[in-house]
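Trainee: Residue numbers (the numbering used here): 8 to 120. The C-beta atom is built at its ideal place from N, Cα and C for all residues, glycine as well. Attaching a single structure in structure tokens format; questions to follow.
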Ligand SMILES: [Zn+2]
């Protein structure tokens, strides 16, 4: 499952930070997840529970912000928000869009003890 390896990556970052910042417990992890990232939120939540067991983030709650995607619309010459990869421009309904964001996943915030 794709989400398992994502959570392993998250744990890696948390453990690096734990060493750098000398914390021993993570209270909350806030993630930004782009709507085009292909991440399934429920699968991610499940994987998080499993992967974080026995780690500094064992008791951490996971909060997920879903981030809208952005695309550059050529006819409008501006950046617009889209909800799916093949959406039309919400302003001019053109399909000449260049997706410029929304497929990322990153840790926004770690709340630690
Ligand atoms: Zn447009």
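(1) Looking at the strands, I want to know which residues DSSP matches up with residue 76.
(2) Under three-state DSSP, which class holds residue 49?
(3) Give the C-beta separation of residue 34 and residue 116 to the nearest angstrom, bearing in mind that I take them to be a contact with Cβ-Cβ under 8 Å.
(4) Excluding sequence positions up to five away, which residues of its chain have a Cβ less than 6 Å from the Cβ of residue 92?
(5) What span of residues does the beta strand (DSSP E) with residue 12 cover, start to end?
(6) For ligand 1, list every residue whose C-beta falls under 7 Å from any of its heavy atoms, going in chain order.
(7) Strictly by DSSP, which residues pair up with residue 41?
(8) Is residue 58 buried or exposed, if buried means 16 or more other CB atoms sit within 10 Å of its CB?
Mentor: From the atom records:
(1) Against the chain shown, residue 76 aligns to sequence position 69. According to DSSP, residue 76 bridges with 89.
(2) Here the question's residue 49 lines up with position 42 in the chain shown. The three-state reading of DSSP puts residue 49 in helix, counting H, G and I together.
(3) As a position in the chain shown, residue 34 is number 27, starting the count at 1. As a position in the chain shown, residue 116 is number 109, starting the count at 1. Not a contact, Cβ separation roughly 11 Å.
(4) Residue numbering aside, residue 92 sits at position 85 when the chain shown is read from its first letter. Once the five neighbours on either side are set aside, the close Cβ partners of residue 92 are 43.
(5) Translated into the one-based positions of the chain shown, residue 12 becomes position 5. Looking at the DSSP string, residue 12 is not in any beta strand (DSSP E); the run it does join, the alpha helix (DSSP H), is 9 to 28.
(6) Every residue passing the under-7 Å Cβ criterion appears here: 80, 82, 83, 87, 96, 98, 99, 101.
(7) For the purposes of this step, residue 41 is taken as the residue at position 34 of the chain shown. According to DSSP, which records beta bridges pairwise, residue 41 is partnered with 74.
(8) Counting from one through the chain shown, the residue named residue 58 turns up at place 51. By the neighbour-count rule (16 or more Cβ atoms within 10 Å), residue 58 is buried.
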